[in-house]
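Student: Sharing a structure, written as C-alpha cells. Questions coming.
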Amino acid sequence: MVVDGHTSPAPDRLWRNPEPKSNYDVVIVGAGGHGLATAYYLARNHGVTDIAVLERGWLAGGNMARNTTIIRSNYLLDASAALYDHALRLWEELPEELDHEFHFSQCGVLNLAHTEQEARDARRRAFANELNGVDAEWLTPDEIAEVCPILDTSPRLRYPVIGATYQRRAGVAKHDHVAWALARKCDEMGVDLIQNCEVTGFVTAGDRVTGVHTSRGTIGAGRVGLAAAGRTSVLTDTLGISLPLQSHPLQAMASEILEPVHPCVVMSNHVHVYTSQAHKGELVLGAGIDTHNGYAQRGSVHVVENQLAAAVELFPIFGRAHLLRTWAGTVDVTPDASPIIGPTPYGNLFVNCGWGTGGFKATPGAGWVFAHTIATGAPHPLNEPYGMERFTSGALIDEHGAAAVAH
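Heads up: the sequence shown begins at 1 in the UniProt record's numbering, then just goes up one per residue.
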C-alpha cells in the first residue's frame, strides 16, 4: 500500500472474520460484487455501518469469481444506458477511492457486425448512445484492423466483418481484486463480512421481515437486501414471492499465459464469442448462457467447443493456443433481460437480481442505487424503472437483442 509516496507494510489480513451478532440494522445476503458494493455505499453515502454481509461460501466465490470481467455501458435503451454509464463513471474513480490496484483497463470494446441488419442495429445503438451522452463510434473494417490487428477482417471469412461499434472508455478489471478492495473498505468502516453463513429462510412479522435463519443461527435485521444472483428466487420462494427469474449456467474459459497480443475486448453476436486478454496474459473467452436451467457451476462440452471454434474463426492466431481451464457461474435472467432492483411486498425486504450476464460491469452502479433504495425505502431515479411492477404494467426494459451480445 502506498501512502504519501511511502510504502507501508501490508496488513495481516484485508478484513476481519467476525462472529455474527444477534441483530443488525441491515443484513445483505450475498458477499459478491453487488453485496459488497451495496454495503460500501450504505456506509459511504448514507452513514449506515451496522451491517452484516452474509455469504454461504467464501467471499466473492460466486459469480464475482466466475465472470469474464468486461465493463461497458453502450446499451441501447435510455434506462440501461443511464444505469450502466453511471457504473462506468464510478469504475473510473474507484481505484483511487478504494486505494487498491485492481487493474481497471479502459482498453475499449468492439461489438462486431457481420450482416447488414446487424450493422443497422449497431449504428442505431451508437446514435442512441451519443444522444444519452455515452461514448460510441462506428468503425469500418480498415479502422477495426487498426484497433485490433489480430482480428481477421478479410472478406474470406464465413461471416465477414462489415463494421463495429467501439466504446473507448469500456474495458476490463480484475474481478477478485475488486471484491477484495470493496471488502477491505467495508471492514474499515465497521461492516461485518460473515463467510460460511448460508441464509436458509426468513423470520417474519406480518408484512415485514425481522430476521434471517442461517446455518450459524438466527440473525435479526431492521432491513434485508438480497444480492444473491441465481439463488435469489430460491430465497424469495420461501416467502411466497414468485420472481420472474430463470437461472442458467454461463460458461467461460481461459488459455495459458501468453505475451500481450490482444489489445481490446472483441464481441461478436453472429459468430457468438467474446474475447479479451487478462492482465496476466490469459486469453479470456465466453459466449451465451447454456439453454437449460440449473445451478451447477460447470458447463457443457458442446458450448466449449462452439466458443473455441468461433474464437479461432475470428482470430486465426489463436489456433495454436492451449485451453487452460473452464468454469461457469449461475446467472439469473428476467423476461426482458434487465435486472430487478427495488422493494418487495414485504416492507423492509429489497431485491437486486436478474442481471443475467451484465452483473459485473454494473457492480458499483448497482451498489450505489441499491444502497439508496435500502437506506431510504424508495428507489433511486436510476433504478426506478427496474421495479417488479413493470412485468404487469408492460413497461419493460427489453434489452434482449437490443445491445448485440448481451454481456
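In this text, a Cβ means the ideal position worked out from N, Cα and C, and glycines have one as well.
Given the structure is predicted, the values throughout are model-derived calculations rather than measurements.
1. Quick one, are the C-beta atoms of residue 159 and residue 147 less than 8 Å apart?
2. Buried or exposed, going by whether 16 or more other CB atoms sit within 10 Å of the CB of residue 381?
3. Looking at the strands, I want to know which residues DSSP matches up with residue 202.
4. For the beta strand (DSSP E) containing residue 138, name the first residue and the last one.
5. DSSP three-state call for residue 26: helix, strand or coil?
6. Where are the beta strand (DSSP E) runs, 3 residues long or more, that stay fully inside the segment 281–369, in chain order?
7. Just the Cα atoms here: how many angstroms apart are residue 35 and residue 130?
8. Return yes when the Cβ of residue 72 is within less than 8 Å of the Cβ of residue 170, no when it is not.
9. Going by other Cβ atoms of all chains shown within 10 Å of its Cβ, with 16 needed for buried, is residue 390 buried or exposed?
10. Given a cut-off of 8 Å, decide if residue 111 and residue 78 are closer than it, judged by their beta-carbon atoms.
11. Are the segment 50–63 and the segment 98–113 in contact at 8 Å, needing three or more beta carbon pairs?
12. By Cβ distance, which residues of its chain are closer than 6 Å to residue 330, with the 5 residues on each side in sequence left out?
13. By DSSP, does residue 248 sit in helix, in strand, or in coil?
14. Once DSSP output is grouped into helix, strand and coil, what is the label at residue 387?
15. Using alpha carbons as the reference points, say which of 396, 40, 23, 24 lies closest to residue 31.
16. Could I get the ranges of all uninterrupted alpha helix (DSSP H) runs contained in the segment 150–208, with 4 residues as the minimum, in chain order?
17. Would you list the one or two residues that DSSP bridges to residue 426?
18. Is the distance from the Cβ of residue 352 to the Cβ of residue 226 below 8 Å?
19. Along the chain, where does the alpha helix (DSSP H) containing residue 40 start, and where does it finish?
20. Among 304, 332, 316, 313, whose alpha-carbon lies nearest the alpha-carbon of residue 324?
21. Can you tell me the Cα-Cα spacing of residue 277 and residue 102, whole angstroms?
22. Just to confirm, are residue 310 and residue 283 a CB contact at a threshold of 8 Å?
23. Check whether the Cβ atoms of residue 397 and residue 332 sit closer than 8 Å, and answer yes or no.
24. What does the Cβ neighbour count give for residue 403, buried or exposed, with the cut at 16 atoms within 10 Å?
25. Tell me whether residue 307 is buried or exposed, calling it buried when 16 or more other Cβ atoms sit within 10 Å of its Cβ.
26. Using a Cβ-Cβ cut-off of 8 Å (strictly less than) and excluding sequence neighbours within five positions of residue 14, which residues of its own chain qualify?
27. Relative to the alpha-carbon of residue 264, which residue among 251, 75, 281, 270 has its alpha-carbon at the smallest distance?
28. Let me make sure I understand the geometry here. Which of 376, 373, 228, 46 has the alpha-carbon closest to that of residue 359?
29. I'd like to check one pair, residue 209 with residue 24: are the Cβ atoms closer than 8 Å?
30. Any heavy atom of the ligand NAD closer than 7 Å to the Cβ of residue 78?
31. Roughly how many whole angstroms lie between the Cα atoms of residue 366 and residue 156?
32. For residue 242, does the three-state DSSP call read helix, strand or coil?
33. For residue 219 versus residue 20, is the C-beta spacing smaller than 8 Å?
34. Exposed or buried, what is residue 80 when buried is set at 16 or more other beta-carbons lying within 10 Å of its beta-carbon?
35. Less than 8 Å between the C-beta atoms of residue 49 and residue 191, yes or no?
36. Return the CA-CA distance between residue 321 and residue 142, expressed in angstroms with no decimal places.
Tutor: By the coordinates alone:
1. Counted from its first residue, the sequence shown places residue 159 at position 159. Counted from its first residue, the sequence shown places residue 147 at position 147. Result no, Cβ atoms of residue 159 and residue 147 do not sit closer than 8 Å.
2. For this step, residue 381 is matched to residue 381 along the sequence shown. Classification of residue 381: exposed, given that the 10 Å Cβ count is below 16.
3. Indexing the sequence shown from 1 puts residue 202 at position 202. Answer is 212.
4. The residue labelled residue 138 in the question sits at position 138 within the sequence shown. 137–139 is the span of the beta strand (DSSP E), which, as asked, contains residue 138.
5. As a working mapping, residue 26 is identified with position 26 in the sequence shown. Residue 26 falls in the strand class under three-state DSSP.
6. 282–289, 323–333, 340–343, 349–353
7. Numbered from its first residue, the sequence shown carries residue 35 at position 35. Numbered from its first residue, the sequence shown carries residue 130 at position 130. Answer to the nearest angstrom: the Cα atoms are 31 Å apart.
8. Counted from its first residue, the sequence shown places residue 170 at position 170. Counted from its first residue, the sequence shown places residue 72 at position 72. Against a cut-off of 8 Å, the Cβ pair of residue 72 and residue 170 comes out as a contact.
9. Along the sequence shown, read from residue 1 onward, the residue named residue 390 stands at position 390. With 16 or more Cβ atoms within 10 Å of its Cβ, residue 390 is classed as buried.
10. By 1-based counting over the sequence shown, the position of residue 78 is 78. By 1-based counting over the sequence shown, the position of residue 111 is 111. The answer is no: Cβ separation not under 8 Å.
11. Contact between the segment 50–63 and the segment 98–113 is absent: fewer than 3 CB-CB pairs across the two stretches fall below 8 Å.
12. For this step, residue 330 is matched to residue 330 along the sequence shown. The answer, listed in chain order, is 230, 247, 295.
13. Counted from its first residue, the sequence shown places residue 248 at position 248. Three-state result, residue 248: strand.
14. The residue you call residue 387 lines up with position 387 of the sequence shown. Residue 387 falls in the coil class under three-state DSSP.
15. Here residue 31 corresponds to residue number 31 of the sequence shown, with the count starting at 1. Here the closest residue by C-alpha is 40.
16. 175–188
17. Not covered by the structure: residue 426. The range shown for the chain is 1 to 407.
18. Counting from 1 along the sequence shown, the entry for residue 352 is found at position 352. Counting from 1 along the sequence shown, the entry for residue 226 is found at position 226. Contact flag set, yes.
19. Against the sequence shown, residue 40 aligns to sequence position 40. Here the alpha helix (DSSP H) through residue 40 covers 33–46.
20. On the sequence shown, position 324 is the one that residue 324 refers to. Residue 304 is the option with its Cα nearest to residue 324.
21. Position 277 of the sequence shown, counted from the start, is the residue given in the question as residue 277. Position 102 of the sequence shown, counted from the start, is the residue given in the question as residue 102. About 15 Å.
22. Counting from one through the sequence shown, the residue named residue 310 turns up at place 310. Counting from one through the sequence shown, the residue named residue 283 turns up at place 283. Taking 8 Å as the Cβ cut-off, residue 310 and residue 283 do not qualify as a contacting pair.
23. Translated into the one-based positions of the sequence shown, residue 397 becomes position 397. Translated into the one-based positions of the sequence shown, residue 332 becomes position 332. The answer is no: Cβ separation not under 8 Å.
24. Here residue 403 is taken as the residue at index 403 of the sequence shown, counted from 1. Residue placement at residue 403 cannot be trusted, given a pLDDT of 48 that sits under 50; what the coordinates show is reported in the next sentence. So residue 403 ends up on the buried side.
25. As a first step, residue 307 must be located in the sequence shown, where it is residue number 307. It is buried - the Cβ of residue 307 has at least 16 other Cβ atoms within 10 Å.
26. Working through the sequence shown from its first residue, we reach residue 14 at position 14. Cβ neighbours of residue 14 beyond the five flanking positions: 180, 183, 184, 187.
27. The residue given as residue 264 occupies position 264 in the sequence shown. Of 251, 75, 281, 270, the residue nearest in Cα terms is 281.
28. The residue given as residue 359 occupies position 359 in the sequence shown. For residue 359, the nearest C-alpha among the options comes from 228.
29. By one-based count along the sequence shown, residue 24 stands at place 24. By one-based count along the sequence shown, residue 209 stands at place 209. Result no, Cβ atoms of residue 24 and residue 209 do not sit closer than 8 Å.
30. In terms of ligand content, the structure shown is empty, and the ligand NAD therefore cannot be addressed.
31. In the sequence shown, residue 366 corresponds to position 366, counting from 1. In the sequence shown, residue 156 corresponds to position 156, counting from 1. Spanning the two alpha carbons is a distance of roughly 42 Å.
32. Translated into positions along the sequence shown, residue 242 becomes position 242. Reduced to three states, the DSSP call for residue 242 is coil.
33. Looking up residue 219 in the sequence shown gives position 219. Looking up residue 20 in the sequence shown gives position 20. Cβ atoms of residue 219 and residue 20: closer than 8 Å.
34. Position 80 of the sequence shown holds residue 80. It is buried - the Cβ of residue 80 has at least 16 other Cβ atoms within 10 Å.
35. In the sequence shown, counting from the first residue as 1, residue 49 sits at position 49. In the sequence shown, counting from the first residue as 1, residue 191 sits at position 191. Here residue 49 is near residue 191, since their CB atoms are less than 8 Å apart.
36. To locate residue 321, count along the sequence shown from 1; it is residue 321. To locate residue 142, count along the sequence shown from 1; it is residue 142. Cα to Cα, residue 321 sits roughly 26 Å from residue 142.
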